[in-house]
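One structure below.
There are 2 protein chains.
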Amino acid sequence: MAIFSYKRLYAFTHSIFKNIGCTEEHAATATVGLLAADLRGIDSHGVARLSGYVRLWEAKRVNAKPGIRIVHETPSTAVVDGDAGLGLVVAPFAMQVAIEKARKVGTGWVSVRNSNHFGIAGHHAMMALEQDMIGVAMTNGSALVAPTFSIERMLGTNPIAVAIPAGNQPPFVADFATTTAANGKLEILQRKNTDAPSGWVQDKEGNPSTDANILRKQGSMLPLGGDREHGSHKGYALGSIVDIFSAVLSGASYGPWAPPFPAYVPIPENMPGEGLGHFFGAMRIDAFRPAEDFKKHMDNWIERFRLAKPAEGYEKVLIPGDPEREMESIRMKEGIPLEDSVVADLKSLAAKYSLTL
Amino acid sequence: MAIFSYKRLYAFTHSIFKNIGCTEEHAATATVGLLAADLRGIDSHGVARLSGYVRLWEAKRVNAKPGIRIVHETPSTAVVDGDAGLGLVVAPFAMQVAIEKARKVGTGWVSVRNSNHFGIAGHHAMMALEQDMIGVAMTNGSALVAPTFSIERMLGTNPIAVAIPAGNQPPFVADFATTTAANGKLEILQRKNTDAPSGWVQDKEGNPSTDANILRKQGSMLPLGGDREHGSHKGYALGSIVDIFSAVLSGASYGPWAPPFPAYVPIPENMPGEGLGHFFGAMRIDAFRPAEDFKKHMDNWIERFRLAKPAEGYEKVLIPGDPEREMESIRMKEGIPLEDSVVADLKSLAAKYSLTL
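Right, dumping it as structure tokens:
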């Protein structure tokens, strides 16, 4: 474990993105998006994945100089073609389109095709906050999740993020995979060589499993709920909605055909669409009620929920976004701890591009 | 258990709504909405609740002749005031506003205040389908659910419904409470006098419980996920998003202040808004891509998921909406079975209004 300042990781990551051919501006956008994960404590989605993005570029699955464009639009909607660019660059472009539309007609909704992994959903949804808008972001992803009653991997962990502004209180920011646990949580257990809790994964026959390495043995992740009795059909429905909004609406590849993140995994045959898909939304608060009224009640909502009586052994009820915001403030000051394997990974990237970490 | 034809229950329910003062048209809308639950197999939300609605009217919490109106709007949004009307009447009005807006600018989003329980969310979301639109419906409700780490009831079971049209395939219709199990499921176990599965409820100290009657002993329902390790913070976030979109955006009462459905439960003091809140959305498919393309890919999506390899002991993977659609077709033909307690309840309503069941 070693600790790096945000500034140092920023400079390094920015150099890498420039080295693979990104413009100055795209490299900056991608770096801010990637490091948002490290700052917010979602370590699996930050610089730990930088070499993965580079390998996708090496495999010619990422276009470092994309011509991202709107291919269809109405006053409140658009479809954006990411031109195989980094999702980290395509997503802020599309979210900005949603925000502009919301400015004009109250809300904006943008479905994106031909993109790649976009980092953490919450980062993009949060772009709406400074505009006094509610932000929504979701994406499909490599198929790892079996629907209820199935043993076949059909869906990604398909996260949903919703960011809602408040007044004196910090914003409400929910950002979660539609599975019992995110794949990143499973990766952490793999590195620690410990078991997974029951209800996270199943083996290739569909039996409950606690083997954190079960995905390498044809097992699958489980939708939020875990099993039918505990509502896994709801997690399956949520993951499906994300897949359809992100990919069927836009013309991206969906379900089991979603292109995989690891560059060594072959692209599925007969893909029904182009690349990964995302879906973004922006809703202007004052398209519903005066922003000041809304914020006053949002503060009241948050304050009341913070005061909800905690169960014994727990200090307090958290508001979605609390842990990540606290982590960001700590890591901005004290630096970002990286595991040895991640540092080694960044060092070999540094060597490849003659950079120093 | 007795079986009633749809036609017979329709005539009876329609008479009851007219007897409490609804117009012919409102009574018809409310009847169609209420019986949609019985047809689709969500027995807890159908005529079993008819006397509950009547009691709310008797308690002057439901206005049988509401002046439902738009109080604020932009091209893609509106806030609707339900004037304390039946949610069964207010919801279709608001959904229609969303649909009209989608027709003009691509999408429409309507937040509703000063309403009451609206029956099943899926029925309202499905209004979008015949317009080649995606429909969204959600509502807040009486506080029964404790946030993660808490023992206080702060949220309703706050359902989300999303209806998505297909081509040759029937539509995708997801409709689910954001809790492990809907309250209606718990009511069924209470009537059968059997235990609830673990992960559905907790006792007043926050201990796991399998007592289906625990809500009468200050226990609470659990967010989808059940506990922190299995993602209950995600269910809590989802329920919160429904509450905020439905009530904080519109000016309805939210969180623990949501007005309760049982008329004998007093209205919370110092309500921060008016009545229950709902949130509706309509997205025109061709605001994103040609409707024919979308439907072709939606058919492909559905067909592929139906073919997902089932786990041993299961016949096939279901598409959200499959079980309810099959139930509707059976019950439309063979009639709707009602439990004895429900029949008795309807008979006393009949006596009160000098009707025959």
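Here the protein sequences line up with chains A and B, keeping their order.
Going by our numbering, the first sequence opens with residue 477, and the numbers climb by one from there.
Going by our numbering, the second sequence opens with residue 477, and the numbers climb by one from there.
Yeah, the Cβ is synthetic: ideal placement off N, Cα and C, and Gly gets one too.
Are residue i and residue j close, meaning C-beta to C-beta below 7 Å?
i, j, result
"residue 813/B", "residue 479/B", "yes"
"residue 586/A", "residue 626/B", "no"
"residue 654/B", "residue 700/B", "yes"
"residue 739/A", "residue 730/A", "no"
"residue 578/A", "residue 758/A", "yes"
"residue 821/B", "residue 527/B", "yes"
"residue 582/B", "residue 583/A", "no"
"residue 823/A", "residue 833/A", "yes"
"residue 708/B", "residue 715/B", "no"
"residue 560/B", "residue 749/B", "no"
"residue 555/B", "residue 547/B", "yes"
"residue 646/A", "residue 608/A", "no"
"residue 565/B", "residue 505/B", "yes"
"residue 482/B", "residue 808/B", "yes"
In the DSSP assignment, find the beta strand (DSSP E) that holds residue i and state where it starts and stops.
i, result
"residue 590/B", "583 to 591"
"residue 718/B", "Run containing residue 718/B: none in the beta strand (DSSP E); it sits in the alpha helix (DSSP H), 708 to 719."
"residue 814/B", "812 to 814"
"residue 514/A", "Not the beta strand (DSSP E): residue 514/A falls in the alpha helix (DSSP H), residues 500 to 516."
"residue 548/B", "545 to 550"
"residue 660/A", "Run containing residue 660/A: none in the beta strand (DSSP E); it sits in the alpha helix (DSSP H), 659 to 668."
"residue 639/B", "636 to 640"
"residue 650/B", "648 to 652"
"residue 611/A", "609 to 615"
"residue 554/A", "553 to 557"
Could you name the residues of chain A that residue i contacts, counting a contact when the two beta carbons are closer than 7 Å?
i, result
"residue 550/B", "581, 582 and 763"
"residue 793/B", "623, 625 and 626"
"residue 675/B", "706"
"residue 784/B", "623, 626, 628 and 630"
"residue 731/B", "777, 780 and 781"
"residue 591/B", "Here the premise fails: no neighbours, minimum Cβ distance about 15 Å."
"residue 565/B", "Neighbours of residue 565/B on chain A: none; closest Cβ ~22 Å, over 7 Å."
Using C-beta distances below 6 Å, list every residue in its chain close to residue i, excluding the 5 sequence neighbours before and after it, in chain order.
i, result
"residue 676/B", "656 and 657"
"residue 503/B", "490, 493 and 494"
"residue 756/A", "570, 571, 574, 586 and 613"
"residue 623/A", "630 and 712"
"residue 498/B", "540"
Which residues in the same chain as residue i place their Cβ atom closer than 7 Å to its Cβ, once the five residues preceding and following it in sequence are excluded?
i, result
"residue 652/A", "635 and 636"
"residue 795/B", "648, 778, 781 and 782"
"residue 694/A", "680"
"residue 620/B", "629, 632, 633, 659, 691, 696 and 697"
"residue 604/B", "575, 610, 611, 639 and 758"
"residue 470/A", "Coverage of chain A is limited to positions 477 through 833, which leaves residue 470/A absent and any answer about it impossible."
"residue 674/A", "684 and 686"
Note down, in chain order, each residue of its chain lying with its Cβ closer than 8 Å to the Cβ of residue i, except the 5 sequence neighbours on either side.
i, result
"residue 667/A", "815 and 817"
"residue 772/B", "643"
"residue 803/B", "515, 516 and 517"
"residue 746/B", "733"
"residue 500/A", "494"
Along the chain, where does the alpha helix (DSSP H) containing residue i start, and where does it finish?
i, result
"residue 492/A", "482 to 495"
"residue 775/A", "767 to 782"
"residue 752/A", "Counting along the chain, residue 752/A falls outside any alpha helix (DSSP H), though it belongs to the beta strand (DSSP E) covering 752 to 760."
"residue 530/A", "526 to 534"
"residue 682/A", "Unbroken run through residue 682/A: none, as it is neither H nor E."
"residue 599/A", "597 to 601"
Please compile the residues from chain A whose C-beta is within a distance smaller than 8 Å of the C-beta of residue i.
i, result
"residue 700/B", "700, 701, 707, 710 and 711"
"residue 656/B", "701, 706 and 707"
"residue 752/B", "Result: empty, since nearest Cβ-Cβ is about 15 Å, beyond 8 Å."
List, in chain order, every chain B residue whose beta-carbon is nearer than 7 Å to that of residue i.
i, result
"residue 682/A", "787 and 788"
"residue 596/A", "Residues of chain B passing the Cβ test: none, with the nearest at roughly 15 Å."
"residue 808/A", "Chain B residues near residue 808/A: none, gap ~24 Å exceeds 7 Å."
"residue 555/A", "764 and 765"
"residue 477/A", "Per Cβ cutoff of 7 Å: no residues; residue 477/A is ~25 Å from chain B at best."
"residue 717/A", "638 and 650"
Check the Cβ of residue i against every Cβ in chain B and list those closer than 8 Å, keeping chain order.
i, result
"residue 573/A", "The contacting residues do not exist; residue 573/A stays about 13 Å from chain B at best."
"residue 720/A", "640, 648, 774 and 777"
"residue 588/A", "Neighbours of residue 588/A on chain B: none; closest Cβ ~11 Å, over 8 Å."
Report the neighbours of residue i on chain B: residues whose CB is nearer than 9 Å to its CB, in chain order.
i, result
"residue 520/A", "Per Cβ cutoff of 9 Å: no residues; residue 520/A is ~16 Å from chain B at best."
Less than 7 Å between CB atoms is the rule here; does residue i satisfy it with respect to chain D?
i, result
"residue 661/A", "No chain D is part of this structure, whose protein chains are labelled A and B."
Validate contact between the segment 510 to 526 of chain A and the segment 583 to 596 of chain A using beta carbons, cut 8 Å, 3 pairs: The segment 510 to 526 of chain A vs the segment 583 to 596 of chain A: in contact.
Touching by the beta-carbon criterion (3+ pairs, under 8 Å), the segment 734 to 754 of chain B and the segment 532 to 541 of chain B: Contact annotation: the segment 734 to 754 of chain B touches the segment 532 to 541 of chain B, with at least three C-beta pairs closer than 8 Å.
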